[in-house]
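First up is the structure itself, then whatever we jot down about it.
Protein chains: 2
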Amino acid sequence: MKTHRSGCPVNLTVEILGDKWTLMVIRDIALGNRRHFRELLTKSEEGIAANMLSDRLNLLAEHGLITREDDPSHKQKVIYSLTEAGIELVPVLAQIIIWGRHHLPVSAHHDALAKVMEEGGIKLQRKLMADLRVKHLASEA
Amino acid sequence: MKTHRSGCPVNLTVEILGDKWTLMVIRDIALGNRRHFRELLTKSEEGIAANMLSDRLNLLAEHGLITREDDPSHKQKVIYSLTEAGIELVPVLAQIIIWGRHHLPVSAHHDALAKVMEEGGIKLQRKLMADLRVKHLASEA
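Here the protein sequences line up with chains A and B, keeping their order.
Take the first sequence: its letter number 59 is residue 59 in our numbering, and every next letter is one higher.
Take the position in the second sequence, starting the count at 1, then add 141; the result is the number in our numbering.
Put into structure tokens, the structure is as follows:
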């Protein structure tokens, strides 16, 4: 039985996501459409290490933000899917993207993407989540 | 010269805020109206340690999210203020609060507060930021 530092939603969220890598993995699955270990590892712009990626995927599965199952189209591969809780992190990611764009030294390439997110507003976030539900939750039905 | 893992806004944000304590300090200053070291330390619901608090306040000041100055009404005390960049973390905190409320074991007391934040929507977030600008940025004018 894990004890929590407090029952505050900010604290409980930070207990899971508050480190240097977990949100990177969520970002790559949710916004980068990477579903397999190999592509999460090799396409990582920040150069995540294999043991760290493995550790973060375990943590996300343990907390019910992702599921893993054998990929029906690649017998040897495991495919990672976001759960509804994972998909609902899109608005959190969106606000972080908008904040980062305004206050941190975001690269030109990323700024163009962030601008789309900011200008798309809540409507784009809802569309992204609807698309993720189709792609990630279908196999649970 | 600090090097960044990438120019992605999620990464750059996580490089600053991605740990177990920094967002707690922001939360307590922004939503708990705590401006002095002593109250940030003693009222911390999660029981932050003095050296950790000191370290996080230094990091937040270094990254331009807070400023510190002598409190004009308490000669011995330093008062911490959010900068505009710090204030604009309110929408990030709000989305985390809403997400946490829906998916994590938030306590009844915190759920009541989180419900207000969720139902208040963007209008409440704007009001909170406007109030923070009055309280925190006035001395910079």
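Where a beta carbon is used, it is the ideal one built from N, C-alpha and C, also for glycine.
Answer yes or no: the CB of N192(B) versus the heavy atoms of the ligand SAM, is any distance below 8 Å? Of the ligands one can find in the structure shown there are none, so the ligand SAM has no counterpart to examine.
Taking 9 Å as the threshold (beta carbon to beta carbon), is W219(B) in contact with chain A? In the sequence under discussion, the amino acid at residue 219(B) is Val, which differs from the Trp named in the question. It does not: the Cβ of V219(B) has no partner Cβ on chain A nearer than 9 Å.
Assuming V151(B) contacts L89(A) (C-beta within less than 8 Å), just tell me the rounded distance between them. Contact between V151(B) and L89(A) does not hold, since the beta-carbon distance rounds to 11 Å and is not under 8 Å.
Could you give the distance in angstroms between the alpha-carbon of A141(A) and the alpha-carbon of I48(A)? No answer about A141(A) holds up, because its pLDDT of 44 lies below 50 and its placement is not dependable.
Check whether the segment 204-219 of chain B and the segment 72-90 of chain A are in contact - that is, three or more C-beta pairs closer than 8 Å. At 8 Å Cβ cutoff, the stretches do not touch.
Interface partners of E46(A) on chain B, CB under 7 Å: Simply R146, S147, N152.
Going by C-alpha to C-alpha distance, which of Y80(A), S107(A), L137(A) sits closest to C32(A)? The residue you asked about is not Cys; residue 32(A) is Gly in the sequence shown. Among Y80(A), S107(A), L137(A), the Cα nearest to that of G32(A) belongs to Y80(A).
Count the other C-beta atoms from every protein chain shown that fall within 10 angstroms of the C-beta of Q95(A), then say buried if there are 16 or more, exposed otherwise. The Cβ neighbour count for Q95(A), taken over all protein chains shown within 10 Å, is at least 16; the residue is labelled buried.
For I66(A), which beta-bridge partners are listed by DSSP? I66(A) is bridged by DSSP to L82(A).
Is A226(B) close to chain A, meaning its C-beta is less than 9 Å from at least one C-beta of that chain? yes
Ignore the nearest five residues each way along the sequence and tell me which others in I26(A)'s own chain have a CB closer than 6 Å to its CB. L89
State yes or no: is the beta carbon of A141(A) nearer than 9 Å to at least one beta carbon in chain B? Low confidence applies to A141(A): its pLDDT is 44, below 50, so where it sits in the model is not reliable, and the reading given next is rough at best. Chain B contact via Cβ: absent.
By the 9 Å beta-carbon criterion, what residues does the segment 94-107 of chain A contribute toward chain B? A94, Q95, I96, I97, I98, W99, G100, R101, H102, H103, L104, P105, V106, S107
In angstroms, rounded to a whole number, what distance separates the CA positions of D28(A) and S44(A)? 8 Å
Does S214(B) come out as helix, strand or coil in the three-state DSSP assignment? S214(B): coil per DSSP, three-state reduction.
Would you call the CB atoms of G148(B) and S107(A) closer than 9 Å? yes
Of the residues H177(B), K268(B), T144(B), H243(B), the one placed nearest K256(B), counting alpha carbons only: H243(B)
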